[in-house]
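Quick notes on the structure that follows.
There are 2 protein chains.
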Amino acid sequence: MKLYVVGVGPGDPELLTIKAKRILEDSETIFCPKGGKESLALSIVEKVVDIKNKRLVFLNFPMVKTKDEKQSKKLKETWENLAKKILTEMTNVSSFITLGDPTLYSTFFYLYDYLKDKIDIEFIPGVSSINASACRIPTSLGIANEKIAIIPANYEVDLKEFAEKFDTIILLKPNKLFEEIKKFFADNNFQTYYIKRATTEEEEIYKNLDEVPEEAIEYFSIVIAKKEKF
Amino acid sequence: MKLYVVGVGPGDPELLTIKAKRILEDSETIFCPKGGKESLALSIVEKVVDIKNKRLVFLNFPMVKTKDEKQSKKLKETWENLAKKILTEMTNVSSFITLGDPTLYSTFFYLYDYLKDKIDIEFIPGVSSINASACRIPTSLGIANEKIAIIPANYEVDLKEFAEKFDTIILLKPNKLFEEIKKFFADNNFQTYYIKRATTEEEEIYKNLDEVPEEAIEYFSIVIAKKEKF
């Protein structure tokens, strides 16, 4: 019995790797994480893999802040229950699909500690939404000796301390702190970019945070800020 | 006339995306960057794309430090000459292939400023060697509110200032400063990993920098350092 944790890329179904496609075609069971009503990862996969003979097992991941102390005990139970469900529902070859790349902020890692000693697990890397976003501008994230910081912005964030040391700052989930982020970079000589749902049909690209309309500001977007060179 | 800048992934030919494969199959001309004797990117591509009817144009990129002031004028001429060669040799559909993802330290960005106003260029993201390395451990690079720093270590680097603020530090080209890096993280409660040429036939993986033999220390490797959680 083997579980593949497969990165399905940022949204464009053609950005699945040849390997991801092959492994999903070989899998009898596909575990599909979902936060809201549907599984975004599955909506990508079903465009390149015939899923009609697959066993689809949906896993409901709660959309809460995982570092919230009050939630912590309840969340641990949730992860444990989801891990148990995987152990129960697994067949000979199974895949857990995840947006982008599995090592960048994938919910699968909440389950990994429960599973790693019990089953054989292999991770299949995917194109991350960060790289896809930069390609769509296009801009280099780093070249030569440039340093890059990747920062989730759905918690608190002190941009000043990063702005001095880094050439490129990538902010994930920037929606809640958007006005603060916009003001900071405008005052500090950074070129900013905003990319919503890169490579999907809902993609929107702005080459300056000043141009982003309020209705485009949402969780599934990325801010790339690059220090202006003088 | 269109030029695609195609990320071919970290080494395993199956980690090309479906899109990269299709575009390379459609390209009459493939520009292949090389530093030493051969083009590593081409050695990946030729395993999944039939190149016998392609026009292959090799571009020699000098292996020197691009931030070296003395080299600077000569390098600018080199980039300009390589860009001119692309303009001269381009056919209707052409691709420039690059290891990993084009936006992470790809040499193509040295040419981009010369080309961007003259021709239509589209970037195709790829699986980066960073994500592939983390998948091979396997380890998460970041989850929830964790912050990630990506730092080229072939120049000088002050690890102390990053160790305080970041949960994960990724060091590229760590060979020259290897002993210094090893000592720093051992003294500062980080779990370290060393991955040489992830997903290639020459791949080597070490789950602690202490275990890395001298002969495995080279340019095409990545150190991942994760803060121990107490």
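Each protein sequence line maps, in turn, to chains A and B. Taking numbering that gives the first Met the number 0, the leading residue of the first sequence gets 0, the next gets one more, and so forth. Taking numbering that gives the first Met the number 0, the leading residue of the second sequence gets 0, the next gets one more, and so forth. Ideal Cβ placement from N, Cα and C applies to all residues, glycine included.
> What separation, rounded to the nearest whole angstrom, lies between the Cα atoms of VAL5 of chain B and LYS181 of chain A?
Replying inline: When rounded, the distance between both Cα atoms is 31 angstroms.
> How would you label ASP157 of chain A, buried or exposed, when you count the other beta carbons within 10 angstroms and need 16 or more for buried?
Replying inline: It is exposed - the Cβ of ASP157 of chain A has fewer than 16 other Cβ atoms within 10 Å.
>> Are the CB atoms of ILE221 of chain B and ILE194 of chain B within a distance shorter than 7 angstroms?
In response: A contact, by the Cβ cut-off of 7 angstroms.
> Listing by chain order, which chain A residues have their CB less than 7 angstroms from the CB of CYS31 of chain B?
Replying inline: Correct list: empty, because the minimum Cβ distance to chain A is about 19 angstroms.
> Roughly how many angstroms separate the alpha carbons of LYS83 of chain B and THR97 of chain B, rounded to a whole number?
Replying inline: For LYS83 of chain B and THR97 of chain B, the gap between their C-alpha atoms comes out near 18 angstroms.
> DSSP on ALA224 of chain B, reduced to helix/strand/coil?
Replying inline: Strand.
> Is there a Cβ from chain B that is less than 7 angstroms from the Cβ of THR231 of chain A?
Replying inline: This structure does not reach residue 231 of chain A, given that chain A is present from 0 up to 229, and the question cannot be answered.
> Mind pulling the chain A residues with CB within less than 7 angstroms of TYR154 of chain B?
Replying inline: Within 7 angstroms Cβ-Cβ: ASN144.
>> So within the region 112-146 of chain B, which uninterrupted alpha helix (DSSP H) runs reach at least 4 residues, ignoring any that extend past its ends?
In response: Scanning the region 112-146 of chain B from its first residue to its last, the whole alpha helix (DSSP H) runs of 4-plus residues come out as 128-135.
> How would you write the range of the beta strand (DSSP E) that GLU37 of chain A sits in, first residue to last?
Replying inline: Looking at the DSSP string, GLU37 of chain A is not in any beta strand (DSSP E), and its letter there is neither H nor E.
>> Less than 7 angstroms between the beta carbons of PRO9 of chain A and THR198 of chain A, yes or no?
In response: Their beta carbons are under 7 angstroms apart, which means PRO9 of chain A touches THR198 of chain A by this criterion.
>> Between B:ILE123, B:ALA19, B:ILE168, B:ALA152, which has its C-alpha nearest LEU176 of chain B's C-alpha?
In response: When each option's Cα is compared against that of LEU176 of chain B, the closest is B:ALA152.
> Name the chain B residues that come within less than 7 angstroms of GLY318 of chain A, Cβ to Cβ?
Replying inline: Nothing about residue 318 of chain A can be reported from this structure: the residues present for chain A run from 0 to 229 only.
> Using a C-beta cutoff of 7 angstroms, does PHE108 of chain B count as contacting chain A?
Replying inline: In terms of beta-carbon proximity, PHE108 of chain B lines the interface with chain A, with at least one pair separated by less than 7 angstroms.
> Got a sec, what are the start and stop residues for the beta strand (DSSP E) LEU170 of chain B sits in?
Replying inline: Annotation: the continuous beta strand (DSSP E) that includes LEU170 of chain B extends over 167-171.
> Taking Cβ-Cβ distances below 7 angstroms as the criterion, which residues of the region 74-101 of chain A are in contact with chain B?
Replying inline: Within the region 74-101 of chain A, those residues whose Cβ lies closer than 7 angstroms to any Cβ of chain B are, in chain order, ASP100, PRO101.
> Ordered along the chain, which non-local residues of its own chain (more than five positions away) have a Cβ less than 6 angstroms from that of ILE168 of chain A?
Replying inline: Correct list, in chain order: ALA148, PHE161, ALA224.
>> Relative to the C-alpha of GLU88 of chain B, which candidate in B:ASP116, B:GLU13, B:ASP100, B:LEU55 has its C-alpha closest?
In response: Checked all of B:ASP116, B:GLU13, B:ASP100, B:LEU55; the closest Cα to GLU88 of chain B is B:LEU55.
> By Cβ distance below 6 angstroms, which residues in the same chain neighbour TRP78 of chain A in space, the five residues on each side in sequence not counted?
Replying inline: Taken in chain order, the residues that qualify are TYR109, LEU110.
> Excluding the five sequence neighbours on either side, which residues of its own chain have a C-beta within less than 7 angstroms of the C-beta of LEU23 of chain B, listed in chain order?
Replying inline: Cβ within range, chain order: VAL5, ILE29, VAL44, VAL48, SER94.
>> Is it the case that the region 134-141 of chain B contacts the region 10-17 of chain B, given that we only count it when at least three CB pairs across the two stretches are under 8 angstroms?
In response: Short answer: they don't touch.
> Quick one: what's got a C-beta closer than 8 angstroms to GLU121 of chain A's C-beta in the same chain, skipping five residues either side?
Replying inline: Excluding residues within five positions, the ones whose Cβ falls inside 8 angstroms are LYS1, LEU2, TYR3, VAL4.
> So which residues of chain B does PRO173 of chain A contact, with C-beta pairs closer than 7 angstroms?
Replying inline: Under the 7 angstroms cutoff, chain B gives no residues; its nearest Cβ is about 13 angstroms from PRO173 of chain A.
> Hey, out of A:LYS33, A:LEU81, A:ARG21, A:ALA40, whose CA is closest to SER128 of chain A's CA?
Replying inline: That would be A:ALA40, whose Cα lies nearest to the Cα of SER128 of chain A.
>> I want to verify the contact list: residues of chain A whose CB lies under 8 angstroms from the CB of GLU227 of chain B, in sequence order.
In response: Residues of chain A passing the Cβ test: none, with the nearest at roughly 15 angstroms.
> Between which two residues does the alpha helix (DSSP H) carrying LYS73 of chain A extend?
Replying inline: According to the DSSP assignment, LYS73 of chain A belongs to the alpha helix (DSSP H) that extends over 71-88.
> Based on the DSSP output, what are the partners of GLU210 of chain A in its beta bridges?
Replying inline: DSSP, once it has assigned bridges, lists no residue as partnering GLU210 of chain A.
>> Just to confirm, is the Cβ distance from LEU140 of chain B to THR102 of chain A under 7 angstroms?
In response: Yes, the pair counts as a contact, with Cβ atoms nearer than the cut-off.
> Using CA coordinates, which residue listed in A:GLU201, A:ASP209, A:LYS53, A:PRO124 is at the minimum distance from GLU27 of chain A?
Replying inline: Measuring from the Cα of GLU27 of chain A, the nearest candidate turns out to be A:LYS53.
> CB-CB under 6 angstroms to PRO230 of chain A, same chain, minus the five flanking residues each way: which ones, in chain order?
Replying inline: The first residue shown for chain A is 0 and the last is 229, placing residue 230 of chain A beyond what the model contains.
> Is VAL196 of chain B near PHE165 of chain B, with beta carbons less than 7 angstroms apart?
Replying inline: The amino acid occupying residue 196 of chain B in the given sequence is Arg; Val does not appear at that position. One thing to note: ARG196 of chain B has its Cβ no nearer than 7 angstroms to the Cβ of PHE165 of chain B.
>> What are the residues in the region 40-55 of chain A lying within 9 angstroms of chain B by C-beta distance?
In response: Within the region 40-55 of chain A, the qualifying residues are VAL47.
> Using the beta-carbon of each residue, which ones in chain E are nearer than 8 angstroms to LYS20 of chain A?
Replying inline: Looking for chain E here will not work: the only protein chains present are A and B.
> Quick one: what's got a C-beta closer than 8 angstroms to LYS230 of chain B's C-beta in the same chain, skipping five residues either side?
Replying inline: No answer is possible for residue 230 of chain B: it lies beyond the span of chain B, which begins at 0 and ends at 229.
> With 16 other CB atoms within 10 Å as the buried threshold, where does PRO212 of chain A fall?
Replying inline: Flag for PRO212 of chain A reads exposed.
> Are the C-beta atoms of GLU13 of chain B and some chain A residue less than 7 angstroms apart?
Replying inline: GLU13 of chain B counts as touching chain A.
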